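Notes follow the structure.
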Amino acid sequence: MIQLDNVTKFYGERLIFRDVTFKVVDGEKVGIVGKNGAGKSTLIKIMTGAEPFDAGTIGGLRAEDIGFVEQTPKFSAATLLDEMLTVGVEKFQARKILYGLGFTEPELEKNPNHFSGGESAKISLAKALLNEPRILILDEPTNHLDIYSIEFLEDFVKNYRGTVIAVTHDRNFLQNCVEKILDMENGRATLYPGNYEKFVQLKSERRAAELKAYEKQQEEIAKLEDFVRRNKVRASTAKRARSRQIALDKMERLEKPPSIEKSSIRLGDAAESANRVLILEKIFFKTVIKDFSAEIFKGEKVGLIGRNGVGKSTLLKIIVGELKADSGEIKIGNRVKVGYLSQGHEELNENRTPLEELNYEFGLTEGQARSELARLNLFAQVVEKPIADLSGGEKTRVALTKLILTGANFLILDEPTNHLDLPAREAIESALNDFDGTILIVTHDRYLLDKVATRIIEFLPIRNEELGIRNEKPKPQNSKLKAQSSKLKANEQAIDKIEAQIKMSEMELKMIEHEINAASEPEKLTALAAAHAAKIAEIDEFYSRWEELQC
0 MIQLDNVTKF
10 YGERLIFRDV
20 TFKVVDGEKV
30 GIVGKNGAGK
40 STLIKIMTGA
50 EPFDAGTIGG
60 LRAEDIGFVE
70 QTPKFSAATL
80 LDEMLTVGVE
90 KFQARKILYG
100 LGFTEPELEK
110 NPNHFSGGES
120 AKISLAKALL
130 NEPRILILDE
140 PTNHLDIYSI
150 EFLEDFVKNY
160 RGTVIAVTHD
170 RNFLQNCVEK
180 ILDMENGRAT
190 LYPGNYEKFV
200 QLKSERRAAE
210 LKAYEKQQEE
220 IAKLEDFVRR
230 NKVRASTAKR
240 ARSRQIALDK
250 MERLEKPPSI
260 EKSSIRLGDA
270 AESANRVLIL
280 EKIFFKTVIK
290 DFSAEIFKGE
300 KVGLIGRNGV
310 GKSTLLKIIV
320 GELKADSGEI
330 KIGNRVKVGY
340 LSQGHEELNE
350 NRTPLEELNY
360 EFGLTEGQAR
370 SELARLNLFA
380 QVVEKPIADL
390 SGGEKTRVAL
400 TKLILTGANF
410 LILDEPTNHL
420 DLPAREAIES
430 ALNDFDGTIL
440 IVTHDRYLLD
450 KVATRIIEFL
460 PIRNEELGIR
470 NEKPKPQNSK
480 LKAQSSKLKA
490 NEQAIDKIEA
500 QIKMSEMELK
510 MIEHEINAAS
520 EPEKLTALAA
530 AHAAKIAEID
540 EFYSRWEELQ
550 C
C-alpha cells in the first residue's frame with residue numbers, strides 16, 4: 000500500500016501544495032487531475048524520487064517497485080525491437096506492445112534514438128509497460144497516441160495486475176480505467192472514489208455542502224459579532240458579551256470554497272451558408288492521401304480519425320489552402336467562411352504578444368483585446384508576453400480567441416484540446432455543441448468526439464473511407480422511444496466492443512505470423528500453426544457476430 004501523509008512542496012517561497020494525504024491499495028488504478036500548474040507532475044516526480052519535498056512522509060514506495068516514463072530517455076540498442084528486449088521480454092511480447100502503441104513493422108528495425116520527441120515518449124511508455132512494475136506511474140500517457148493506441152493502452156491498464164497512478168486530462172481514460180481520482184486544486188488534494196463522471200458528481204456535491212457549511216458559519220459569526228457589539232458596554236450583559244467574544248476567538252474559521260471553474264467560451268451565431276459546405280473529389284497528395292472524396296453539409300459536426308501519420312492534418316491544410324493537392328478538386332460552398340485552428344499554432348506570430356496579435360489581425364484596442372482574451376482566462380502578464388514564451392495551453396487559448404473573432408461559419412479544428420486542462424476541455428466541448436455552424440475536427444479526444452461529432456470519417460493508410468454516420472437523434476419523448484434509444488445505444492456499444500476485439504485479434508494474428516517466420520524448431524512450428532488456425536477461427540467468429548449486429 001502507498002501512503003502519503005501531509006506532503007508539502009514549495010518552489011522557493013511559492014507553495015505548490017500543502018498537506019497532501021491519501022493512500023492507494025495494491026492493484027488500484029488512480030487518476031490525478033487538476034488545472035495546469037496545480038502540481039500534478041510535481042507530485043508524481045516526488046513519488047518516483049525525482050523531486051524532493053519539504054514536509055510530510057511517504058510510505059510503500061520503493062524505487063525498484065516503480066515504473067515510469069522517462070522524460071528525456073536514452074536508448075542503447077541498435078533497433079527499436081532490440082531496445083524492448085533489454086527489458087527481458089520475449090519478442091512476441093515486445094511486438095504486441097509496440098503494435099498496440101501504433102509502431103509499424105519497418106519502424107521496429109529503426110534506431111530508437113532516431114525517432115521524434117513524441118515517438119520517443121511512446122518508446123519509453125512501451126518499455127514501462129513491458130517492465131510490468133508493481134507500481135506504474137504515468138504522466139499524460141495518452142499524449143502522442145492516436146485513438147487506436149489509446150484504446151490499446153486502456154485495455155492494458157484495465158487488465159494490469161499492479162497499481163497504476165496516472166496524471167491525465169483524458170476524460171475517456173478517467174472514465175474507463177480508474178477507480179479513484181485525486182483532485183489537486185488551490186494547493187490541496189482531495190481523493191474521490193469512482194471514475195470521471197462519478198468524480199464530477201461527487202465534487203459538485205462536496206462543493207455545495209462546503210459552501211452551505213461556510214454560509215451557515217458566516218451567519219453564526221455575524222450574529223455573535225452583533226451581540227458582542229450591542230452588549231459589551233452594558234454592565235448587565237458585558238459578561239455574556241465576553242463569553243460570545245471568546246467563542247468567536249476560538250472558532251475555527253472555514254475558508255470560502257472556490258467555485259468549480261466553468262470556463263465560458265461562446266463561438267457566436269454562424270451566418271447562413273450553402274447547404275453543401277465542402278466537397279472533396281478524388282484528392283491525391285504525394286504518397287499520403289490517395290483518392291479521397293467526401294462531402295460535408297451545413298450544420299454537420301464531422302470527426303476525422305485515423306492512425307498518426309496517415310494524413311489527417313495534411314488534408315486539413317489542403318482544404319484551407321496551406322498545401323496544394325497533386326490532383327483532385329476542392330469546392331467550398333457559397334457564403335462559407337472558414338476558420339482554421341492548427342495543431343502547431345502556425346496561425347500565431349510568435350514574436351508578438353497576444354495583445355499585439357489581436358491588434359494587428361483585427362484592429363482591436365488594448366482594452367478590447369484584453370476583454371476578448373479574458374473570455375478564455377488569459378489575463379495580466381500572460382497577454383503581455385511574446386507568444387513564443389507561452390505554454391501550449393495558453394497558445395491554444397490565443398488561437399481560439401482569434402478563431403472566435405473571425406466570425407467563421409465553418410470551423411476546421413486540428414487537435415483543439417491539446418495542452419488544455421479539464422475545465423478548458425469542457426468549455427470547448429460546450430461551445431462546439433452550442434455552435435450552429437459546421438465543424439470538421441481532427442482529435443484523439445474521444446470524450447469530445449462522443450459529445451460533439453454527428454458523423455465520423457475514418458482515415459485509413461491506403462484508402463480513405465467513411466466509417467459510418469452517427470446522426471444526432473432527437474431526444475426521446477416517451478417511454479417507448481426511450482427504450483428504442485437505449486437499445487440502439489446498447490447495440491452501438493456491442494459493435495464498438497467487437498470491432499476492438501477484431502483489431503486486437505488481427506494484431507495478435509500478425510504477431511503469430513512473425514513468430515512462424517522466425518521459428519525453426521518443429522515442435523514450436525506445430526504449436527504456432529495450431530495457434531494461427533485458432534486465431535483465424537476466432538476472428539471469423541467475431542466478424543460473424545459483427546454482421547449479426549449490423550442487421
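Number 550 marks the last residue of the sequence shown (numbering that gives the first Met the number 0); no jumps. Ideal Cβ positions, reconstructed from N, Cα and C, are used throughout, including at glycine. Since the structure is predicted, the reported quantities are computational estimates derived from the model, not experimental observations.
Query                                                                                                                                  : Result
Residue 263 (DSSP reduced to helix, strand or coil)                                                                                    : coil
Distance, residue 84 Cα to residue 132 Cα                                                                                              : 16 Å
Min CB distance residue 417 to chain E below 8 Å                                                                                       : In the displayed structure, chain E is absent; only one protein chain is listed.
Alpha helix (DSSP H) runs wholly inside the region 410 to 457, at least 4 long, in chain order                                         : 421 to 433, 445 to 451
Residue 325 classed as buried or exposed, judged by whether at least 16 other C-beta atoms fall within 10 angstroms                    : exposed
Cβ-Cβ distance between residue 299 and residue 442 below 8 Å                                                                           : no
Segment contact, 8 Å Cβ cut-off, at least three pairs: the region 96 to 112 with the region 26 to 43                                   : no
Member of 356, 219, 391 whose CA lies at the smallest distance from the CA of residue 382                                              : 356
Own chain partners of residue 388 with C-beta closer than 6 Å, once the 5 adjacent residues on each side are dropped                   : none
Start and end residues, beta strand (DSSP E) containing residue 369                                                                    : Per DSSP, residue 369 belongs to no beta strand (DSSP E); it is in the alpha helix (DSSP H), 365 to 373.
Inter-stretch contact at 8 Å, needing at least 3 Cβ pairs: the region 48 to 65 / the region 90 to 104                                  : no
Span separating the alpha-carbon of residue 154 from that of residue 99                                                                : 10 Å
Contacts around residue 244, its chain only, beta-carbon distance under 6 Å, and the 5 residues preceding and following it disregarded : 227
Contiguous beta strand (DSSP E) assignments of at least 3 residues, all confined to the region 286 to 336                              : 288 to 296, 300 to 305, 326 to 331
Residue span of the beta strand (DSSP E) that contains residue 50, given as start and end                                              : Note, residue 50: premise wrong, no beta strand (DSSP E); not H, not E.
Ranges of the beta strand (DSSP E) found wholly within the region 178 to 259, counting only runs of at least 3                         : 179 to 184, 187 to 192
Cβ-heavy atom distance, residue 387 to the ligand ATP, below 7 Å                                                                       : With respect to small molecules bound, the structure shown includes none, and the ligand ATP cannot be examined in it.
Within the region 382 to 413, ranges of the alpha helix (DSSP H) (whole runs, at least 4 residues)                                     : 391 to 405
When 141, 73, 89 are compared against residue 111, the one with the closest alpha-carbon                                               : 73
Burial state of residue 524 (16 or more Cβ within 10 Å)                                                                                : exposed
Cβ pair residue 305, residue 457 closer than 8 Å                                                                                       : yes
Sequence-distant residues of its chain with Cβ nearer than 6 Å to residue 336 (five each side left out)                                : 407, 408
Cβ contact check for the region 55 to 63 and the region 198 to 205: 3 or more pairs under 8 Å                                          : no
Cβ pair count under 8 Å reaching 3, the region 158 to 175 against the region 139 to 150                                                : yes
Three CB pairs or more closer than 8 Å across the region 385 to 400 and the region 233 to 240                                          : no
DSSP-derived helix/strand/coil call for residue 37                                                                                     : coil
Residue 25 classed as buried or exposed, judged by whether at least 16 other C-beta atoms fall within 10 angstroms                     : exposed
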